[in-house]
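Structure first, commentary second.
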């Protein structure tokens with residue numbers, strides 16, 4: 244099969260696709276050492292280094308995981 248200039252084969256398209264991922268960051272108290280921004284920076288670097296495409300970011304800022312109160316269900 245002859246490839247024309249500017250055409251992309253299906254195998255090349257598949258090679259260009261990345262795996263999809265989501266990021267989840269949380270900070271239960273203001274005393275916690277790492278902010279959600281710091282956590283997201285690390286996650287974004289990891290995603291870039293591992294050919295992952297972040298499609299959504301979920302954040303729980305200032306909410307404790309000790310109980311379910313104050314944490315809306317989705």
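In the working numbering, the protein residues as written are 244 to 317.
Note that beta-carbon positions come from the ideal geometry of N, C-alpha and C, so glycine has one too.
CB contact flag (residue 264, residue 291, <8 Å)
Within the chain shown, the letter at position 21 stands for residue 264. Within the chain shown, the letter at position 48 stands for residue 291. Result no, Cβ atoms of residue 264 and residue 291 do not sit closer than 8 Å.
Under a Cβ-count criterion, where at least 16 other Cβ atoms within 10 Å of its own Cβ denotes burial, should residue 318 be classed as buried or exposed?
For the chain, the structure presents residues 244 to 317; residue 318 sits outside this window and is missing.
Who are the near neighbours of residue 301 in its chain, counting only those whose CB is closer than 6 Å to its CB and skipping five residues on each side?
By 1-based counting over the chain shown, the position of residue 301 is 58. Taken in chain order, the residues that qualify are 267.
Cβ of residue 270 within 8 Å of Cβ of residue 299?
Taking the chain shown and counting its residues from 1, one reaches residue 270 at position 27. Taking the chain shown and counting its residues from 1, one reaches residue 299 at position 56. No; because the gap between Cβ atoms is not below 8 Å, this pair is not in contact.
Ends of the beta strand (DSSP E) at residue 303?
The residue labelled residue 303 in the question sits at position 60 within the chain shown. Its beta strand (DSSP E) spans residues 295 to 304.
Apart from the five residues just before and just after residue 262, which ones in its own chain have a Cβ nearer than 6 Å to its Cβ?
One-based indexing of the chain shown puts residue 262 at position 19. Within the same chain, residue 262 has close Cβ partners 295.
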